[in-house]
Amino acid sequence: MVSRRGFLSSTATVLGAGLVSRAGAASIPEAMIITDAKTMPPPLPPNGRPFNPVVTLNGWSAPWRMKDGWKEFHIVAEPVIREMAPGMKATLWGYNGSSPGPTIEVVEGDKVRLFVTNKLPEATTIHWHGQRLPNGMDGVAGLVQTRIPIGKTYVYEFEAKRPGTFMYHPHADEMTQMAMGMMGFWVTHPKNPEQHRVDRDFVFLLNGYDIEPGASTPKTSTMLDFNLWSWNSRVFPGIDPLVCRQGDRVRIRIGNLSMTSHPIHLHGHEFEVTGTDGGWVPKSARWPEVTTDVGVGQMRAIEFDATDLGDWAFHCHKAHHTMNAMGHDVPNMIGVDHRKVANKIIKIIPDYMVMGERGGSDMSEMEMPIPDNTLPMMTGTGPFGPVEMGGMFTTVKIRAGLTRNDYKDPGWYQHPKGTVAYELK
Ligand SMILES: [Cu+2]
Numbered sequence: 001m002v003s004r005r006g007f008l009s010s011t012a013t014v015l016g017a018g019l020v021s022r023a024g025a026a027s028i029p030e031a032m033i034i035t036d037a038k039t040m041p042p043p044l045p046p047n048g049r050p051f052n053p054v055v056t057l058n059g060w061s062a063p064w065r066m067k068d069g070w071k072e073f074h075i076v077a078e079p080v081i082r083e084m085a086p087g088m089k090a091t092l093w094g095y096n097g098s099s100p101g102p103t104i105e106v107v108e109g110d111k112v113r114l115f116v117t118n119k120l121p122e123a124t125t126i127h128w129h130g131q132r133l134p135n136g137m138d139g140v141a142g143l144v145q146t147r148i149p150i151g152k153t154y155v156y157e158f159e160a161k162r163p164g165t166f167m168y169h170p171h172a173d174e175m176t177q178m179a180m181g182m183m184g185f186w187v188t189h190p191k192n193p194e195q196h197r198v199d200r201d202f203v204f205l206l207n208g209y210d211i212e213p214g215a216s217t218p219k220t221s222t223m224l225d226f227n228l229w230s231w232n233s234r235v236f237p238g239i240d241p242l243v244c245r246q247g248d249r250v251r252i253r254i255g256n257l258s259m260t261s262h263p264i265h266l267h268g269h270e271f272e273v274t275g276t277d278g279g280w281v282p283k284s285a286r287w288p289e290v291t292t293d294v295g296v297g298q299m300r301a302i303e304f305d306a307t308d309l310g311d312w313a314f315h316c317h318k319a320h321h322t323m324n325a326m327g328h329d330v331p332n333m334i335g336v337d338h339r340k341v342a343n344k345i346i347k348i349i350p351d352y353m354v355m356g357e358r359g360g361s362d363m364s365e366m367e368m369p370i371p372d373n374t375l376p377m378m379t380g381t382g383p384f385g386p387v388e389m390g391g392m393f394t395t396v397k398i399r400a401g402l403t404r405n406d407y408k409d410p411g412w413y414q415h416p417k418g419t420v421a422y423e424l425k
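For what it's worth, UniProt numbering labels the leading residue of the sequence shown as 1, then goes sequentially.
Here is the structure:
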C-alpha cells in the first residue's frame, strides 16, 4: 500500500493506488488518482470502440479497462485537496484525488461496469444523473439500494443506452456530500464518431462553495448564500482558458450541480444549444443565443464556430458569481464623503481605509491585507490592467493555426493596430 497523502502536490500525480485487498485486486481495475488541477489534453481511446474525446476544463478523464466485453472503471470516493486558484486550497470530498471526479467517457451501446469504493468517513452512493438504466442501478440510497458503507466497494452495471451529456453525484446525505464537492461529468459518445462531430469539445460542471476566508472546508449547511462560485471547483483566475483554433466548430458542455441557475454568456460569437439533459436538439429546433441559463440539475451543450480571433470573455452573467469570497452586508458608499469620520477612526484604528466612495474598483486596486488561504474578491490582471473578476469567469482564446490537440494557453491576444478602443484626444 502506498500512502497517497504524500502525493498531494501541485505537480501532476498519476498513480495506480493499491486500494483494494489482494483478493479483490484480481477482479477490480486499478483506480487512477490525479490531484493536479491542470486541463489535460485528451488521449485517444486506446481500446474499445472509437470516439472523439472531450476536454475536461481543469480536469481529466478516467481510464478504463476492457474485460469480457465490459468497459470497467474504478471510482474512489474520498477526501481531496483542491486548489481553487493559486493561493487557495479547499478541503473537499471528491473522486480519485480530485473534485470534480474524473470525466467518464463511454460509447452508446457500451456495457459499463463501475466499481465504486467508499473511502469517505460516511456512507455514500452514486447516482448516474440522466441515464436510462435498470432501476436498481440508479443509486438512490434507501429507495433502490443500500448505502455503500465506509471501506466497501459496490458495483454498478448498465448499458450506456442514450448518447449525450450526463453527470454523476451521490444520492446519500446529498446536501453534505455535494456541498463538499462530490460530482463528476459523464459523456456517452454516439456509436458513429462522425455524428455530432466537432473539432473541440469542452466539459465542466458549475458548482458553488461556502468557505470562510482563511478556512479551507466548506460550510455544508449553507443553502443559497455561497461565496465561491466555481467551474470544476476552480475560480478565476484559476480557470484555464478554452483554447480554440480559428475556424473550429466548438462545443462546450455544461452541467449545473450548484444550488442556483447560471446564465452562461459568451462574448463575440453566437451559439446554439445543441444538447440538453434529454439528448440532442434537432437542428430545426435550435435558435441563436449569446447567453443561456443553465438551471440546477440541468446539462446544456452549446456550439459555435470560432470565427473571430481574440481573448473573448466567457462567464456567468450574475455579477456576484464573478466574484470571490466576500462579505455581502456591505453598504453602498458611492457618493458618501466620510473623510471626517475616517479621520476620527484612524486615531483608534491606524489601518482603517476609506473605501467604496467612487465605486467598487477600490476593492481591486487596493492591496488589502487578506487572511491566508483566500482570494481577493475581484482579481486577475490582463494586458490592459485589472480584470476585476473572480468566480465563474474565464476566456475563450481563439488563435489561427493551432494544431489539433493543442490546448496550451497561447498568452494574451495581440490586437492588430487600430482595433482597440482609444481615448479621444
Ligand atoms: Cu452564476
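Each residue gets a CB set at the ideal place from its N, CA and C atoms; glycine is no exception.
Which residue or residues does DSSP assign as beta-bridge partners of residue i?
{"i": "Y95", "result": "A77 and S98"}
{"i": "T56", "result": "V203"}
{"i": "R65", "result": "E72"}
{"i": "T403", "result": "DSSP output for T403 lists no bridge partner at all."}
{"i": "residue 491", "result": "An answer regarding residue 491 cannot be provided, because it is not within the stretch 1 to 425 covered by the chain."}
{"i": "G310", "result": "I398"}
{"i": "H169", "result": "H127"}
{"i": "S230", "result": "N207"}
{"i": "P288", "result": "E272"}
{"i": "Y154", "result": "V116"}
{"i": "P386", "result": "T381"}
{"i": "V243", "result": "K397"}
{"i": "W412", "result": "Paired residue(s): none; W412 is not in a bridge."}
{"i": "H315", "result": "H265 and F393"}
{"i": "G238", "result": "G238 is not bridged to any residue."}
Rounded to the nearest angstrom, what separates residue i and residue j at their Cα positions?
{"i": "T325", "j": "T260", "result": "Thr is not the amino acid found at residue 325; the sequence shown has Ala there. Straight-line Cα distance between these residues: approximately 17 Å."}
{"i": "A421", "j": "G275", "result": "36 Å"}
{"i": "V140", "j": "G101", "result": "19 Å"}
{"i": "P163", "j": "K425", "result": "57 Å"}
{"i": "E303", "j": "H189", "result": "16 Å"}
{"i": "G136", "j": "V144", "result": "5 Å"}
{"i": "T56", "j": "A215", "result": "27 Å"}
{"i": "G208", "j": "G297", "result": "13 Å"}
{"i": "K408", "j": "K397", "result": "10 Å"}
{"i": "W412", "j": "P237", "result": "14 Å"}
{"i": "K417", "j": "F384", "result": "15 Å"}
{"i": "R147", "j": "D308", "result": "50 Å"}
{"i": "T381", "j": "V387", "result": "5 Å"}
{"i": "N47", "j": "P213", "result": "46 Å"}
{"i": "A160", "j": "S258", "result": "25 Å"}
{"i": "V187", "j": "D110", "result": "12 Å"}
{"i": "A23", "j": "P134", "result": "Low confidence applies to A23: its pLDDT is 44, below 50, so where it sits in the model is not reliable, and the reading given next is rough at best. About 29 Å."}
{"i": "M32", "j": "K219", "result": "29 Å"}
Mapping the DSSP letters down to three states, classify residue i as helix, strand or coil.
{"i": "S261", "result": "coil"}
{"i": "residue 426", "result": "What is shown of the chain runs 1 to 425, which leaves residue 426 out entirely."}
{"i": "K71", "result": "strand"}
{"i": "Q145", "result": "strand"}
{"i": "G295", "result": "coil"}
{"i": "K111", "result": "strand"}
{"i": "E159", "result": "strand"}
{"i": "A215", "result": "coil"}
{"i": "E194", "result": "coil"}
{"i": "A325", "result": "coil"}
{"i": "T176", "result": "helix"}
{"i": "M377", "result": "coil"}
{"i": "I302", "result": "strand"}
{"i": "R22", "result": "Note on R22: pLDDT 46, under 50, position unreliable in the model; no value is reported."}
{"i": "G136", "result": "helix"}
{"i": "I348", "result": "helix"}
Decide if residue i is buried, meaning its Cβ has at least 16 other Cβ atoms within 10 Å, or exposed.
{"i": "E270", "result": "exposed"}
{"i": "P241", "result": "buried"}
{"i": "T403", "result": "exposed"}
{"i": "residue 426", "result": "Since the first and last residues shown for the chain are 1 and 425, residue 426 lies out of range."}
{"i": "A306", "result": "buried"}
{"i": "R197", "result": "exposed"}
{"i": "R132", "result": "exposed"}
{"i": "V54", "result": "buried"}
{"i": "H262", "result": "buried"}
{"i": "L224", "result": "exposed"}
{"i": "N343", "result": "exposed"}
{"i": "D406", "result": "exposed"}
{"i": "A285", "result": "exposed"}
{"i": "E78", "result": "buried"}
Any heavy atom of ligand 3 inside 7 Å of the beta-carbon of residue i?
{"i": "M392", "result": "The model depicted lacks ligand 3 and carries ligand 1 instead."}
Touching by the beta-carbon criterion (3+ pairs, under 8 Å), the segment 231-250 and the segment 120-132
Not touching, per the Cβ criterion.
Three or more beta-carbon pairs under 8 Å between the segment 102-109 and the segment 80-94, yes or no?
Flag = no, the segment 102-109 and the segment 80-94 do not touch.
Would you say the segment 172-187 touches the segment 121-135, given that touching needs at least three Cβ pairs under 8 Å?
Touching, yes.
Contact between the segment 28-43 and the segment 61-75 is defined here as three or more beta-carbon pairs at a separation below 8 Å; is this criterion met?
Counting Cβ pairs under 8 Å, three or more are found: they touch.
contact_flag[the segment 152-168, the segment 309-318] where n(CB pairs < 8 Å) is 3 or more:
The segment 152-168, when compared against the segment 309-318, does not touch it at the 8 Å Cβ threshold.
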